[in-house]
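Enquirer: My structure is below; once you've seen it, I'll send some questions.
Number of protein chains: 2
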Amino acid sequence: MSNPSAAPSPRTRVRRVAELANYDAAVLHAIIDAAYLCHIAFHDERGTHCIPTACWRIGAHLYIHGSNGSRLLKRLSENDACVSITHLDGLVLARSAFNHTMNYRSAMIYGRFEAVADKHAAMEALMEHLAPGRQAEVRGGSDKEYAATTVLRIALDEAAAKVRSGPPLDDAEDMAQPVWAGVLPLAQSRGRAVPDPAGGGAAMPAFVRQWGGADSA
Amino acid sequence: MSNPSAAPSPRTRVRRVAELANYDAAVLHAIIDAAYLCHIAFHDERGTHCIPTACWRIGAHLYIHGSNGSRLLKRLSENDACVSITHLDGLVLARSAFNHTMNYRSAMIYGRFEAVADKHAAMEALMEHLAPGRQAEVRGGSDKEYAATTVLRIALDEAAAKVRSGPPLDDAEDMAQPVWAGVLPLAQSRGRAVPDPAGGGAAMPAFVRQWGGADSA
């Protein structure tokens, strides 16, 4: 991953609109760290499947978890998989129908998942990703809960990012078309925190008060 | 798809947390219509792949498109695929680490894509999905552009939705844990439209002015 212009493998070489490809680890990590979930493709005797699941990064690996009984997790330790993360940043409205496109940041990772031995450290990193500082406040996982949980990780060695940003690119002969052109931005936004109606008197911690933008204490 | 409680096939029967499954067409359609992109899993001689692409719905089919040269589109007419769409609606913070989860609406479709003969109608439906009314304003697709474009569709016959919403569900013995519990909402939001700096004098149409919430004319 040290050369941002070279794909780490033939199957991570971006083919469509290849000038948008990026093989730099920092770009890849930023795309992963901005995500709460990924889509994982795998193949078994029933066909090819595409399953969304929570993900997080520790160093040069992407982590997932689930119940020991999960078909996804069983299959992933037996076969190669492909993981995709996509952030949609906007609709790009060009002067011609054909040149309409979207702005996005996407990551794709190929490889084989492996079981993680230190499940405690991995799950605490997930909690830190979701809600910084919360691990110290919740009732931590019991031995029984940890025993029922599988944690897997995949190396980020065979991965690529693809990013489009900025305004539309129209053909020269379309520039005088009398139509508005530009970008309609899209982003993941946070709404005001909703306390569990089942109650419990604990005060909102700072990161919950700040979640929705304005301080909602 | 007429019975909301019955899966249309063995591979669309939701297995994990099966009480969140929904096989009703209206629920499925709403999840698809709220999306601008999907992830598609397919398998070829290089392995299993997971590729994001724009999607839209016409009736009981999901549509995608791309260049005739696209590997994705070539492979999809040769093999079964799985399409996933996932909207992340919030992080669900429980009183125990183990019961943390996410709120989401997800759809999964299995089947074989087929080529669409009436590409004009299909692409105009995509434009209507992205920017209502815009088709009449842009420079429409030329014969050459349409000839270079492949449009595929997949029937929504073999599909399932899975939806989680609402507050955390904690174990009874954790309800007194002194920690805030509730939902941190997430949503896709729209930012203020960004005109192409390359100019062109056309006024912002109403849907562009309204895109960012406040009227930004």
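From first to last, the protein sequence lines stand for chains A and B.
Residue 113 in the UniProt record's numbering sits at position 113 of the first sequence; the count goes up by one each step and never skips.
Residue 82 in the UniProt record's numbering sits at position 82 of the second sequence; the count goes up by one each step and never skips.
Quick reminder that beta carbons are idealized off the backbone N, C-alpha and C, glycines included.
Note that the structure is a prediction, hence the values are computed from the model and not measured.
1. Specify, as a first and last residue, the run of the alpha helix (DSSP H) that PHE207 of chain A falls within.
2. According to the Cβ coordinates, are ALA193 of chain B and LEU28 of chain B closer than 9 Å?
3. Taking the straight line between their C-alpha atoms, what separation do you get for GLU145 of chain A and ALA131 of chain A?
4. Which residue's Cα is closest to the Cα of ALA54 of chain A: A:GLU45, A:LEU91 and A:LEU72?
5. Answer with buried or exposed for ALA6 of chain B, where buried requires no fewer than 16 other C-beta atoms within 10 angstroms of its C-beta.
6. Who are the neighbours of PRO167 of chain A on chain B, taking C-beta pairs under 7 Å?
7. What residues in the stretch 42 to 59 of chain B bring their beta carbon closer than 8 Å to a beta carbon of chain A?
8. Who are HIS87 of chain B's beta bridge partners in DSSP?
9. Name the chain B residues that come within less than 9 Å of LEU28 of chain A, Cβ to Cβ?
10. Leaving out the 5 sequence neighbours to the left and right, which residues in its chain are closer than 7 Å to LEU37 of chain B when beta-carbon positions are compared?
11. Is the Cβ of ALA193 of chain B closer than 9 Å to any Cβ of chain A?
12. Is LEU76 of chain A near LEU156 of chain A, with beta carbons less than 9 Å apart?
13. Can you tell me whether ARG192 of chain B is helix, strand or coil according to DSSP?
14. Return helix, strand or coil for GLU173 of chain B, following the three-state DSSP convention.
15. Going by DSSP in three states, LEU184 of chain A sits in which element: helix, strand or coil?
16. Rounded to whole angstroms, what is the Cα-Cα separation between SER142 of chain A and ALA34 of chain A?
17. Would you tell me roughly how many angstroms separate the C-alpha atoms of GLN135 of chain A and LYS162 of chain B, rounded to the nearest one?
18. Taking only beta carbons into account, state which residues of the stretch 164 to 190 of chain A come closer than 8 Å to chain B, listed in chain order.
19. Need the endpoints of the alpha helix (DSSP H) that HIS29 of chain B sits in, please.
20. Quick one: what does DSSP say LEU37 of chain A is sitting in, helix, strand or coil?
21. Looking at the structure shown, is HIS120 of chain A part of a helix, part of a strand, or coil, going by DSSP?
22. May I ask you to verify whether the stretch 63 to 70 of chain B touches the stretch 104 to 111 of chain B, counting CB pairs closer than 8 Å and requiring at least 3?
23. Per DSSP, what kind of secondary structure is GLU158 of chain A in: helix, strand or coil?
24. Let me know the secondary structure DSSP gives PRO10 of chain B once reduced to three states.
25. Short of 7 Å in beta carbon distance, which residues of its chain neighbour VAL179 of chain A, apart from the five on each side in sequence? Order them along the chain.
26. GLU145 of chain A versus chain B: which residues are under 7 Å apart at the beta carbon?
27. Looking only at DSSP bridge pairs, what is TYR63 of chain A linked to?
28. Below 8 Å on the Cβ atoms is my contact criterion, and I expect ARG164 of chain A with ASN99 of chain A to pass it. Report the Cβ-Cβ distance as a whole number of Å.
29. Interface residues of chain A around PRO205 of chain B at Cβ under 9 Å?
30. Could you name the residues of the same chain whose beta carbon sits closer than 8 Å to that of LEU20 of chain A, not counting the 5 residues immediately before and after it, in chain order?
31. Select from A:ILE154, A:ALA81, A:ASP196 and A:ALA30 the residue whose C-alpha is nearest the C-alpha of ALA41 of chain B.
32. Would you tell me roughly how many angstroms separate the C-alpha atoms of residue 264 of chain A and GLU45 of chain B, rounded to the nearest one?
33. Hey, would you say CYS50 of chain A sits closer than 9 Å to HIS39 of chain A, going by beta carbons?
34. Going straight from the alpha carbon of HIS43 of chain A to that of LYS74 of chain B, what length do you get?
35. Out of curiosity, what's the CA-to-CA distance linking GLU78 of chain A and ALA115 of chain A?
36. Can you find a CB in chain A that lies within less than 9 Å of the CB of GLU137 of chain B?
Expert: Answer, in terms of the structure:
1. Start at 1 with the first residue of the first sequence, and residue 207 of chain A comes out as number 207. Taken as a continuous stretch (DSSP letters only), the alpha helix (DSSP H) holding PHE207 of chain A covers 206 to 209.
2. Within the second sequence, numbered from 1, the residue matching residue 193 of chain B stands at position 193. Within the second sequence, numbered from 1, the residue matching residue 28 of chain B stands at position 28. Not a contact, by the Cβ cut-off of 9 Å.
3. Within the first sequence, the letter at position 145 stands for residue 145 of chain A. Within the first sequence, the letter at position 131 stands for residue 131 of chain A. Between GLU145 of chain A and ALA131 of chain A, the C-alpha separation is close to 20 Å.
4. Here residue 54 of chain A corresponds to residue number 54 of the first sequence, with the count starting at 1. Considering only alpha carbons, the answer is A:LEU72.
5. Reading the second sequence from its first residue, position 6 is the one you call residue 6 of chain B. Only exposed fits ALA6 of chain B, as fewer than 16 other CB atoms lie within 10 angstroms of its CB.
6. Locating residue 167 of chain A in the first sequence gives position 167, where the first residue counts as 1. Under the 7 Å cutoff, chain B gives ASP196, PRO197 and ALA198.
7. Residues PHE42, HIS43, ARG46, GLY47, THR48, HIS49, CYS50, ILE51, PRO52 and ALA54.
8. Mapped onto the second sequence, residue 87 of chain B falls at position 87. DSSP, once it has assigned bridges, lists B:ARG105 as partnering HIS87 of chain B.
9. As a first step, residue 28 of chain A is located in the first sequence; it is residue number 28 there, counting from the start. The CB of LEU28 of chain A never comes closer than 9 Å to any CB in chain B; the least such distance is about 15 Å.
10. Locating residue 37 of chain B in the second sequence gives position 37, counting from the first residue. Within the same chain, and ignoring the five residues on either side of LEU37 of chain B in sequence, the residues whose Cβ sits closer than 7 Å to its Cβ are PRO52, THR53, ALA54 and CYS55.
11. The residue labelled residue 193 of chain B in the question sits at position 193 within the second sequence. Closer than 9 Å to some Cβ of chain A, the Cβ of ALA193 of chain B qualifies, so yes.
12. Mapped onto the first sequence, residue 76 of chain A falls at position 76. Mapped onto the first sequence, residue 156 of chain A falls at position 156. Contact: no.
13. Indexing the second sequence from 1 puts residue 192 of chain B at position 192. ARG192 of chain B falls in the coil class under three-state DSSP.
14. Position 173 of the second sequence, counting from 1, holds the residue named residue 173 of chain B. Helix at GLU173 of chain B.
15. In the first sequence, residue 184 of chain A corresponds to position 184, counting from 1. It is a strand residue.
16. Position 142 of the first sequence, counting from 1, holds the residue named residue 142 of chain A. Position 34 of the first sequence, counting from 1, holds the residue named residue 34 of chain A. If I take the Cα positions, the gap works out to 29 Å.
17. Within the first sequence, the letter at position 135 stands for residue 135 of chain A. Within the second sequence, the letter at position 162 stands for residue 162 of chain B. Taking the straight line joining both Cα atoms gives about 28 Å.
18. Those residues of the stretch 164 to 190 of chain A placed with their C-beta closer than 8 Å to a C-beta in chain B are PRO167, PRO168, ASP170, ASP174, MET175, ALA176, GLN177, PRO178, VAL179, TRP180, ALA181, GLY182, VAL183, LEU184, PRO185, LEU186, ALA187, GLN188, SER189 and ARG190, ordered along the chain.
19. Translated into positions along the second sequence, residue 29 of chain B becomes position 29. First-last of the alpha helix (DSSP H) with HIS29 of chain B: 25 to 33.
20. One-based indexing of the first sequence puts residue 37 of chain A at position 37. Here LEU37 of chain A sits in strand by DSSP.
21. The sequence position of residue 120 of chain A within the first sequence is 120, counting from 1. Note: HIS120 of chain A maps to helix in three-state DSSP.
22. No, the stretch 63 to 70 of chain B is not in contact with the stretch 104 to 111 of chain B.
23. For the purposes of this step, residue 158 of chain A is identified with residue 158 of the first sequence, where counting begins at 1. DSSP places GLU158 of chain A in the strand class (E or B) of the three-state scheme.
24. Here residue 10 of chain B refers to the residue found at position 10 when the second sequence is read from its first residue. Here PRO10 of chain B sits in helix by DSSP.
25. Here residue 179 of chain A refers to the residue found at position 179 when the first sequence is read from its first residue. Only ARG95 meet the Cβ criterion.
26. In the first sequence, the residue the question calls residue 145 of chain A occupies position 145. Within 7 Å Cβ-Cβ: PHE98.
27. On the first sequence, residue 63 of chain A is found 63 positions in, with the first residue counted as 1. DSSP output for TYR63 of chain A lists A:TRP56 and A:ARG153 as bridge partner(s).
28. Residue numbering aside, residue 164 of chain A sits at position 164 when the first sequence is read from its first letter. Residue numbering aside, residue 99 of chain A sits at position 99 when the first sequence is read from its first letter. Contact check for ARG164 of chain A and ASN99 of chain A: beta-carbon distance about 12 Å, past the 8 Å limit, so the pair fails to qualify.
29. To locate residue 205 of chain B, count along the second sequence from 1; it is residue 205. Those are VAL179 and TRP180, listed as they occur along chain A.
30. Along the first sequence, read from residue 1 onward, the residue named residue 20 of chain A stands at position 20. Cβ within range, chain order: VAL14, LYS162, VAL163 and ARG164.
31. Counted from its first residue, the second sequence places residue 41 of chain B at position 41. Ranking A:ILE154, A:ALA81, A:ASP196 and A:ALA30 by Cα distance to ALA41 of chain B puts A:ALA81 first.
32. Residue 264 of chain A is absent from the model: chain A starts at 1 and stops at 217.
33. Residue 50 of chain A sits at position 50 when you count from the first residue of the first sequence. Residue 39 of chain A sits at position 39 when you count from the first residue of the first sequence. Yes, these two residues count as a Cβ contact at 9 Å.
34. Here residue 43 of chain A corresponds to residue number 43 of the first sequence, with the count starting at 1. Here residue 74 of chain B corresponds to residue number 74 of the second sequence, with the count starting at 1. Approximately 19 Å, taken between the alpha carbons.
35. The count along the first sequence starts at 1 and reaches residue 78 of chain A at position 78. The count along the first sequence starts at 1 and reaches residue 115 of chain A at position 115. Those two C-alpha atoms are separated by around 11 Å.
36. Position 137 of the second sequence holds residue 137 of chain B. So yes, GLU137 of chain B belongs to the interface.
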